[in-house]
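Reviewing the structure listed below.
In the numbering used here, the protein residues as written are 197 to 391.
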């Protein structure tokens, strides 16, 4: 009870910093013998991650950054938050700090760092009719970015889409760690509800 309020954090048994998704995946594979790789594994991981998160409901988020890898990943997440990518040169900060509160596709852009929104994830996503973890949300953001192809001198809407990164990637976990540390003190209230 309360483990989710302290995640992402370093786990010695897997030798890396893990978010709830990666931790559940590691436990499924090691202790249950389930092959939890790729999209097929998500059908087990997401509901279990949601359940694990509910066991921390009412507890304050408390990310401490004790291990050197946690500190490194936090700094990397902060760097990624402000890094501009793609043809639009967007960053997480442009949408979720500068443009926070404005509407995009009839939806208000949240401010996860300022408003400590991580306390409400995993969340039930109404438009997709399913539970999403923060890892799912971050991967979904990548669909919004496409790259300019300098060789063709134009936007290449097929070949150069920024692809969704693989699950459990260090960059995703780094962004999660940065956002969740910003939510320190906020009480976990999951599942959240988003459009």
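Backbone N, C-alpha and C define an ideal beta-carbon position, used for all residues, glycine too.
- Tell me, please, which residues DSSP counts as bridged to residue 256. The count along the chain shown starts at 1 and reaches residue 256 at position 60. Residue 256 pairs with 383.
- If you follow the beta strand (DSSP E) that residue 210 is part of, which residue opens it and which one closes it? Stepping through the chain shown from its first residue, residue 210 is reached at position 14. Secondary structure note for residue 210: it is in no beta strand (DSSP E), with a DSSP letter that is neither H nor E.
- Would you tell me roughly how many angstroms separate the C-alpha atoms of residue 276 and residue 264, rounded to the nearest one? Here residue 276 refers to the residue found at position 80 when the chain shown is read from its first residue. Here residue 264 refers to the residue found at position 68 when the chain shown is read from its first residue. The straight-line gap from Cα to Cα measures roughly 18 Å.
- Message: When you compare the CB positions of residue 383 and residue 234, do they come within less than 9 Å of one another, or not?
- Response: Walking along the chain shown from the start, residue 383 turns up at place 187. Walking along the chain shown from the start, residue 234 turns up at place 38. Result no, Cβ atoms of residue 383 and residue 234 do not sit closer than 9 Å.
- Message: At the level of alpha carbons, what is the spacing between residue 389 and residue 245?
- Response: Indexing the chain shown from 1 puts residue 389 at position 193. Indexing the chain shown from 1 puts residue 245 at position 49. Cα to Cα, the separation comes out at about 16 Å.
- Message: When you compare the CB of residue 381 with every CB in chain B, is at least one pair closer than 9 Å?
- Response: Absent from the structure: chain B. Only one protein chain is present.
- Below 8 Å on the Cβ atoms is my guess for residue 291 versus residue 305; work out the distance and round it to an integer in Å. If you number the chain shown from 1, residue 291 lands on position 95. If you number the chain shown from 1, residue 305 lands on position 109. About 6 Å; that satisfies the 8 Å criterion.
- Item | Proximity to residue 213 [Cα-Cα], best of 279, 381 and 373 | Your numbering for residue 213 matches position 17 in the chain shown. Measuring from the Cα of residue 213, the nearest candidate turns out to be 373.
- Message: For the alpha helix (DSSP H) containing residue 317, name the first residue and the last one.
- Response: Within the chain shown, residue 317 is the residue found at index 121, counting from 1. Unbroken run through residue 317: none, as it is neither H nor E.
- Classify residue 369 as buried or exposed, calling it buried when 16 or more other Cβ atoms lie within 10 Å of its own Cβ. Along the chain shown, read from residue 1 onward, the residue named residue 369 stands at position 173. Buried, since its Cβ has 16 or more Cβ neighbours within 10 Å.
- Proximal residues to residue 270 (C-beta, below 7 Å), its chain only, five neighbours per side dropped: By 1-based counting over the chain shown, the position of residue 270 is 74. For residue 270, where only same-chain residues beyond five positions count, the Cβ hits under 7 Å are 261, 373, 374 and 377.
- Task: Kindly indicate which residue of 381, 367 and 360 has the alpha-carbon position closest to the one of residue 279.
- Result: Within the chain shown, the letter at position 83 stands for residue 279. Looking at the Cα atoms, 367 is the closest of the given residues.
- With distances taken from CA atoms, which of 296, 266, 379 and 197 is nearest residue 307? In the chain shown, the residue the question calls residue 307 occupies position 111. Ranking the options by Cα distance to residue 307, first place goes to 296.
- Give the straight-line distance between the Cα atoms of residue 381 and residue 302, rounded to the nearest whole angstrom. Position 185 of the chain shown, counting from 1, holds the residue named residue 381. Position 106 of the chain shown, counting from 1, holds the residue named residue 302. Those two C-alpha atoms are separated by around 30 Å.
- Query: Just reading off the alpha helix (DSSP H) that residue 244 is part of, what are its end residues?
  - Reply: On the chain shown, position 48 is the one that residue 244 refers to. Counting along the chain, the alpha helix (DSSP H) containing residue 244 begins and ends at 234–250.
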